[in-house]
Amino acid sequence: MQTRYKLEPDELNENFLQALKLLFSGKTVEISVREADPVNEQNDIWQAIQRFRQQMNPADFPEDEDIFADVRDRSMGREVEL
(Lines of atoms letter the chains of each structure in order from A and count residues from 1; the text may use other names and numbers.)
(Lines give C-alpha, C1' and ligand atoms only; values in the text may rest on other atoms or scores of the structure.)
Protein backbone atom coordinates (compact mmCIF):
# COMPACT_ATOMS: atom_id res chain seq x y z
CA MET A 1 0.00 0.00 0.00
CA GLN A 2 1.21 3.49 -0.79
CA THR A 3 -0.15 6.82 0.41
CA ARG A 4 1.10 10.29 -0.44
CA TYR A 5 0.54 13.33 1.75
CA LYS A 6 1.23 16.97 0.90
CA LEU A 7 1.08 19.17 3.94
CA GLU A 8 2.69 22.02 5.78
CA PRO A 9 5.11 21.28 8.64
CA ASP A 10 2.62 22.82 11.10
CA GLU A 11 0.13 20.09 10.15
CA LEU A 12 2.43 17.34 11.43
CA ASN A 13 0.82 16.56 14.76
CA GLU A 14 -0.32 13.66 16.92
CA ASN A 15 -3.52 13.22 14.85
CA PHE A 16 -1.44 12.71 11.70
CA LEU A 17 0.71 10.10 13.44
CA GLN A 18 -2.36 8.29 14.78
CA ALA A 19 -3.85 8.18 11.28
CA LEU A 20 -0.63 6.65 9.92
CA LYS A 21 -0.58 4.09 12.71
CA LEU A 22 -4.16 3.05 11.94
CA LEU A 23 -3.65 2.98 8.18
CA PHE A 24 -0.47 0.89 8.31
CA SER A 25 -1.20 -1.16 11.42
CA GLY A 26 0.97 -4.28 11.59
CA LYS A 27 3.16 -3.23 8.66
CA THR A 28 6.64 -1.78 8.38
CA VAL A 29 6.64 1.68 6.81
CA GLU A 30 9.26 3.74 5.03
CA ILE A 31 9.05 7.51 5.41
CA SER A 32 10.74 9.89 2.99
CA VAL A 33 10.45 13.66 3.32
CA ARG A 34 11.18 16.23 0.61
CA GLU A 35 10.15 19.74 -0.25
CA ALA A 36 7.15 19.81 -2.60
CA ASP A 37 7.73 21.20 -6.07
CA PRO A 38 5.75 24.47 -6.23
CA VAL A 39 5.21 24.12 -9.99
CA ASN A 40 3.22 20.90 -9.56
CA GLU A 41 1.01 22.31 -6.82
CA GLN A 42 -0.95 24.39 -9.35
CA ASN A 43 -1.82 21.25 -11.36
CA ASP A 44 -2.44 18.91 -8.46
CA ILE A 45 -5.98 17.49 -8.64
CA TRP A 46 -6.41 17.51 -4.87
CA GLN A 47 -5.43 21.19 -4.70
CA ALA A 48 -7.92 21.95 -7.46
CA ILE A 49 -10.69 20.14 -5.57
CA GLN A 50 -9.87 22.07 -2.41
CA ARG A 51 -9.95 25.40 -4.28
CA PHE A 52 -13.32 24.44 -5.82
CA ARG A 53 -14.77 23.54 -2.42
CA GLN A 54 -13.64 26.85 -0.95
CA GLN A 55 -15.25 28.81 -3.80
CA MET A 56 -18.50 26.83 -3.93
CA ASN A 57 -21.45 28.12 -1.97
CA PRO A 58 -24.00 25.33 -1.31
CA ALA A 59 -26.71 27.95 -0.76
CA ASP A 60 -26.54 28.72 -4.49
CA PHE A 61 -28.05 25.29 -5.29
CA PRO A 62 -31.59 24.24 -4.34
CA GLU A 63 -31.72 21.25 -1.98
CA ASP A 64 -34.53 19.48 -3.85
CA GLU A 65 -32.75 19.65 -7.23
CA ASP A 66 -30.18 17.12 -8.43
CA ILE A 67 -27.38 19.37 -9.71
CA PHE A 68 -25.65 16.41 -11.38
CA ALA A 69 -28.74 15.16 -13.26
CA ASP A 70 -27.59 16.31 -16.73
CA VAL A 71 -23.84 15.78 -16.32
CA ARG A 72 -23.62 12.33 -17.94
CA ASP A 73 -23.80 11.98 -21.70
CA ARG A 74 -26.51 9.36 -22.22
CA SER A 75 -25.95 8.90 -25.95
CA MET A 76 -25.17 5.43 -27.28
CA GLY A 77 -21.59 6.39 -28.10
CA ARG A 78 -19.61 5.55 -31.18
CA GLU A 79 -20.36 2.67 -33.48
CA VAL A 80 -17.94 -0.26 -33.31
CA GLU A 81 -17.11 -2.33 -36.39
CA LEU A 82 -15.92 -5.87 -35.63
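Reminder that position 60 of the sequence shown reads as 100 in my numbering, one-by-one numbering, no gaps. Where is the CB? At the ideal position from N, CA and C, for every residue including glycine.
For residue i, three-class secondary structure by DSSP
i, result
"Ile-89", "helix"
"Ala-99", "helix"
"Ala-76", "coil"
"Gln-94", "helix"
"Leu-122", "coil"
"Phe-108", "coil"
"Asn-53", "coil"
"Lys-46", "coil"
"Lys-61", "helix"
Same chain only: Cβ atoms within 6 Å of residue i, ignoring 5 sequence neighbours per side
i, result
"Phe-56", "none"
8 Å Cβ cutoff met for residue i and residue j
i, j, result
"Thr-43", "Leu-62", "no"
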